[in-house]
Amino acid sequence: MRNSNTNNWRSTALVAGAILTAGVVTTTSTTDVHADNSQNNAQVSNDQVTYDQVRATADQQLAQLQSANDSKEAQQATANEQSNAADLAQTNAQIDQLKASHAALEQEQAGAIAQAQASTAASIEAQTSAANAEYQQQINTQQQNEATQRAANDQQYAQAVNQAAENQQAVADINAQYQKALSDAANTQTSQAQAAANNYNSAVAKENDTYQGKLSAQQATNAENIKNAEASLASATANANKPYEVATTNDVAVTGRVAKPQTDVKVPAYVTKYGIHLEVRGYNGAIPVSDYTYPEFANTYYGEYPDSAVITNKAAESTPHDISEMPLDFQPGLLSYDAKNDHSEKVSADGLTADQVQVLRALALSWENGFRNNVFQNYREFYNVVNKNDGFVNVAPVDLVSTDFTDNIANQVVANRTKYNIDNNSHTVISSGMPAEATYTSVINDATKNLKKNLTSEFNGKTVYTDVNENLTTMQAGTPTLLNYAINLYNSMQGMYYGELVNPTHIGGHAVNLLCAGVRTVGIGFQKLTDEMTAKNGSGVSDRKNPSYAVTFDHVGFNIDYDANLTKEVQNRNVWGTSTVDAQLNTIKTAQYHVNKVPGTKTVTPTATDVQKATASEQQKLADVKAQAQQSLDALASAHQASLNKLAQQYNDAKAQVKANYDVAVTKAASVRDAALKATGVVDLQAYKAQLDSAYQNLVKADQVAAQKLAADRDAKIANIKKVENVKLDAKINELVPSVDPQIKQLQDQHQAVIAHGDAVLAELKAENKAAYNKLAEQFNVQLAAIQRRENAKRANEVRLANNTVVLPSAVKVANDGNINTVAFPTASNPLQVETTGRVQTVSAPSIVKTATQTPIAVAPVITTVNHAAENTVKSNESSAPVVTQTTAVNGTQTSVASTAENKATKADNSEKSVVKADTVAKKQTPAKKSESSQKVDQSSMSIVALAATALLGTLGITYSSKKRHN
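Each number in the numbering used here corresponds to the 1-based position in the sequence shown with 16 added.
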């Protein structure tokens with residue numbers, strides 16, 4: 017049961033400020049305002065320290081530059097590969113398209129191509145026959161000329177014979193016999209020539225008939241083969257065009273149940289009468305609902321009651337049954353709890369397990385981000401009021417993260433709170449009864465010191481603000497289940513955040529802390545409360561049989577010079593650790609929405625490309641059949657022509673034999689005649705005959721030479737006929753089906769050019785990166801060498817005596833470059849200075865070598881860091897309502913001081929430039945008297961330490977400045 021004198025929920029908020037100094041601090045003096053934590057440390061650096069710093073900077077910057085170079089080169093290489101792959105795919109697709117178009121055109125023009133081939137073969141055959149006929153006519157003309165010459169010779173010889181023996185009967189008889197012999201030879205030649213011609217013509221006619229028969233049969237076979245191939249292609253094309261079914265999977269969205277927050281809540285009259293009591297500055301009592309700009313925010317206050325027990329109209333849709341049904345977006349409204357329908361895992365009497373804590377961290381992180389984003393999107397006026405001085409007006413916040421980095425902070429805060437017995441009504445601060453080193457700000461500063469240092473150095477000349485704050489609430493459960501704890505935490509955070517958004521001029525500290533756009537991380541801690549803590553009056557715990565927890569929200573971030581772009585760039589860097597709640601959030605998100613793969617089928621209609629690919633084999637078969645058909649016709653034509661050539665050769669041989677026979681007969685007749693004439697002794701006709709024969713032989717030899725040339729001319733002409741006709745055929749085929757080889761070659765050349773360009777860009781980038789790296793390394797080497805020379809020169813005059821270093825006078829003056837000063841410290845009168853008393857140390861002003869992307873960092877003057885805190889208290893106003901005890905609201909202000917590298921030490925008037933940032937704080941009630949006492953002690957301690965620091969730093973020529981502000 018809920019105790020009427022207790023609150024079931026308590027939450028307070030606190031903001032702590034910290035600073036990062038920009039530049040390189042030569043000597044640093046830090047003063048803490050708390051009396052129990054005063055300290056004054058003087059630090060001096062020598063050339064060796066400078067050398068180490070520069071060397072470390074060099075290593076870091078060179079490593080960063082090398083990493084950046086490697087990343088750029090890898091990105092360029094990846095871009096080249098992607099570009100080459102994309103271009104190759106495009107090139108191949110274009111080539112495939114060209115080939116497909118070419119094949120389709122070949123198929124389309126197959127008939128025209130076959131007709132052109134047949135026409136070419138016929139033309140070659142006709143022209144070849146004409147060339148042979150022309151050649152034969154020329155040979156016949158030669159033979160006719162030779163016969164004419166022989167006849168003339170014979171006539172001339174006969175005349176000579178007649179003249180020689182005209183009166184001699186013997187000569188007459190001889191000539192008569194000779195003439196008869198010539199006539200007989202001529203008759204024989206004519207009959208033999210006619211027989212040879214008849215045989216040749218008969219053989220040619222028979223060969224032509226045979227060729228035509230074979231040609232017709234082959235053409236019929238070819239036509240049948242082409243018809244069958246075309247039918248097969250048509251069938252394959254029809255089959256390829258048929259739609260077909262394929263197995264597939266369909267995405268089916270599955271939406272899980274998610275509880276919807278309830279805004280129209282109704283509560284009993286006594287609860288309404290008690291009113292709304294939240295920590296909002298300006299209200300010491302109940303907050304009127306009429307003051308709320310958005311009345312639904314007021315209803316979130318009832319989330320303070322365990323399981324929202326006071327809600328009388330609980331909605332089923334607002335009641336989760338498991339963790340997976342918890343909302344993640346954090347809209348205004350409350351959830352209800354139903355123990356009978358709680359399916360979540362149990363929480364043991366020992367408390368939450370580590371896994372359960374991570375689930376709650378994941379939910380709380382999602383709710384905090386949901387609140388920030390919802391306010392920015394839908395209630396912008398509240399967000400802009402909180403961030404009006406931080407550079408984030410109308411600039412969306414970056415989501416908070418919960419990582420191993422923040423888990424360590426949260427766990428350390430919980431450990432410190434447990435160690436020093438801090439209850440759920442007290443923040444992790446000194447005033448709660450814990451030492452300074454155990455406070456949440458100390459834990460955060462220790463965890464972020466390196467990051468602070470790096471940012472201060474990086475943003476030299478700009479102010480780096482540290483945004484740190486803590487929110488605190490209580491989590492409990494009437495039923496020990498993870499869901500009950502989660503609902504209780506959800507409703508508590510509703511009141512802690514939405515409940516404090518009264519109107520733009522009245523915003524509670526918890527909401528201010530969370531809406532601060534400068535924070536980037538949150539460490540969410542779960543401190544298990546002891547029985548002694550829960551039994552305290554005002555603990556807010558109504559059911560003590562199950563473990564209760566103080567839940568801390570420690571927010572951390574940096575605001576760079578109130579510049580939203582610079583701040584968000586830092587927030588988005590990979591410096592905040594690795595998320596530890598992604599798995600838990602993804603599990604919940606998957607349960608609330610996921611996609612199932614459902615098997616099924618779908619009908620696919622083949623594309624033209626699909627059909628082309630499917631019928632490619634049949635198309636090739638058709639092309640092969642047509643090619644084979646043409647080859648068979650060409651073979652028949654070639655064989656036919658060979659037969660005709662053979663017959664012609666046989667005919668020519670027969671005619672030559674007839675001619676030879678005739679020549680033998682004539683020669684014999686002449687020989688008989690000459691012998692007879694010689695026997696008569698009339699005249700010597702032999703010499704005359706030899707003269708005539710010589711002339712005839714000269715004619716025959718000339719004809720033989722001419723016949724060889726005619727044969728060569730004929731062969732050349734036939735070869736040229738075939739060449740010309742084949743060229744015409746190729747041109748005709750190319751006209752019907754133009755070649756795509758030039759286009760393919762051009763596409764391939766373009767792709768090689770793309771590859772070459774990418775390689776050239778990468779090579780140029782590598783060369784530039786290497787040059788930049790070598791240049792930066794050389795700059796560091798020059799600077800380190802100079803520092804080393806100064807250190808060697810200085811150490812030549814140093815002598816070590818026990819724990820002291822003495823600088824001896826030197827006969828040779830060592831040049832001082834203005835950066836090295838020898839300082840001897842006076843005897844320390846303050847115990848805090850004992851460690852440095854009696855030492856002689858060198859104070860130098862080192863410089864930092866700029867990187868390739870930074871401007872030079874000037875030597876920074878002395879920076880003094882002061883941390884101030886002030887608290888204003890308001891007495892609590894309690895009511896005797898029977899249900900809930902009023903939650904007290906205490907508003908305080910703590911300043912965040914940020915120093916810049918332009919702060920310059922002046923004379924002893926203690927004047928110093930500073931930047932003061934005031935943040936609103938909500939924290940637990942503290943007696944006013946105690947606060948005043950603490951302030952006095954802090955002031956006194958500050959004054960003593962300031963005097964001691966001024967005395968010590970005065971010996972170095974350094975002015976100390978202290979300034980305190982109270983709100």
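C-beta: ideal position from N, C-alpha, C; glycine also.
What you are looking at is a predicted structure, and each value in this text was computed from that prediction instead of being measured.
Can you pull the DSSP bridge partners for residue i?
{"i": "Val538", "result": "His571"}
{"i": "Gln278", "result": "Leu350"}
{"i": "Ala595", "result": "Looking at the sequence itself, residue 595 is Ser, so the reference to Ala does not match. Ser595 is bridged to Thr419."}
{"i": "Lys605", "result": "None; Lys605 has no bridge partner."}
{"i": "Lys544", "result": "Tyr565"}
{"i": "Ser364", "result": "Gly367"}
{"i": "Gly616", "result": "Thr264"}
{"i": "Asn519", "result": "His522"}
{"i": "Asp112", "result": "Answer is none; Asp112 lacks a bridge partner."}
Here's the rule I'm using: 16 or more other beta-carbon atoms within 10 Å means buried, otherwise exposed. How should residue i be labelled?
{"i": "Lys791", "result": "exposed"}
{"i": "Gln724", "result": "exposed"}
{"i": "His610", "result": "exposed"}
{"i": "Glu240", "result": "exposed"}
{"i": "Asn394", "result": "exposed"}
{"i": "Leu104", "result": "exposed"}
{"i": "Tyr308", "result": "buried"}
{"i": "Val430", "result": "buried"}
{"i": "Asp570", "result": "buried"}
{"i": "Ala566", "result": "buried"}
{"i": "Ser364", "result": "exposed"}
{"i": "Gln160", "result": "exposed"}
{"i": "Ser87", "result": "exposed"}
Thinking residue i and residue j are a contact (beta carbons under 8 Å), I'd like their distance in whole angstroms, please.
{"i": "Val283", "j": "Tyr318", "result": "6 Å"}
{"i": "Ile140", "j": "Ile737", "result": "6 Å"}
{"i": "Leu531", "j": "Val391", "result": "6 Å"}
{"i": "Val614", "j": "Asn266", "result": "5 Å"}
{"i": "Thr472", "j": "Val484", "result": "No, Thr472 and Val484 are not in contact; Cβ-Cβ is about 16 Å, not under 8 Å."}
Can we count residue i as close to the ligand MG, meaning its CB is less than 7 Å from some heavy atom?
{"i": "Ala109", "result": "The ligand MG is not part of this structure, which contains no ligands at all."}
Closest to residue i by C-alpha separation, out of the options, would be which residue?
{"i": "Thr288", "options": "Lys276, Tyr667, Pro277 and Ala302", "result": "Ala302"}
{"i": "Gln131", "options": "Ala802, Asn661 and Ile749", "result": "Ile749"}
{"i": "Ile460", "options": "Ala426, Gln205 and Lys552", "result": "Ala426"}
{"i": "Thr521", "options": "Asn400, Lys744 and Leu488", "result": "Asn400"}
{"i": "Ser710", "options": "Arg166, Asn255 and Ala252", "result": "Arg166"}
{"i": "Asn470", "options": "Thr546, Asn440, Gln766 and Val586", "result": "Val586"}
{"i": "Tyr321", "options": "Glu341, His293 and Ile438", "result": "His293"}
{"i": "Asn581", "options": "Val411, Phe421 and Thr546", "result": "Val411"}
{"i": "Leu498", "options": "Gln91, Val518, Gln374 and Arg433", "result": "Gln374"}
{"i": "Leu416", "options": "Asn437, Ile540 and Ser352", "result": "Ile540"}
{"i": "Val620", "options": "Thr594, Tyr260 and Val743", "result": "Tyr260"}
For residue i, which of helix, strand or coil comes out of DSSP?
{"i": "Ser11", "result": "For the chain, the structure presents residues 17 to 983; residue 11 sits outside this window and is missing."}
{"i": "Glu261", "result": "strand"}
{"i": "Asn553", "result": "coil"}
{"i": "Ile327", "result": "coil"}
{"i": "Thr472", "result": "helix"}
{"i": "Val270", "result": "strand"}
{"i": "Ser382", "result": "helix"}
{"i": "Thr457", "result": "helix"}
{"i": "Pro311", "result": "helix"}
{"i": "Leu499", "result": "helix"}
{"i": "Leu800", "result": "helix"}
{"i": "Asp719", "result": "helix"}
{"i": "Tyr481", "result": "strand"}
{"i": "Ile576", "result": "strand"}
{"i": "His337", "result": "coil"}
{"i": "His1019", "result": "The displayed coordinates of the chain run from 17 to 983. Any statement about residue 1019 would go beyond what the structure contains."}
{"i": "Val627", "result": "helix"}
{"i": "Val740", "result": "helix"}
{"i": "Leu376", "result": "helix"}
Any C-beta of chain D sitting closer than 8 Å to the C-beta of residue i?
{"i": "Tyr290", "result": "No chain D appears in the structure shown, which is made up of a single protein chain."}
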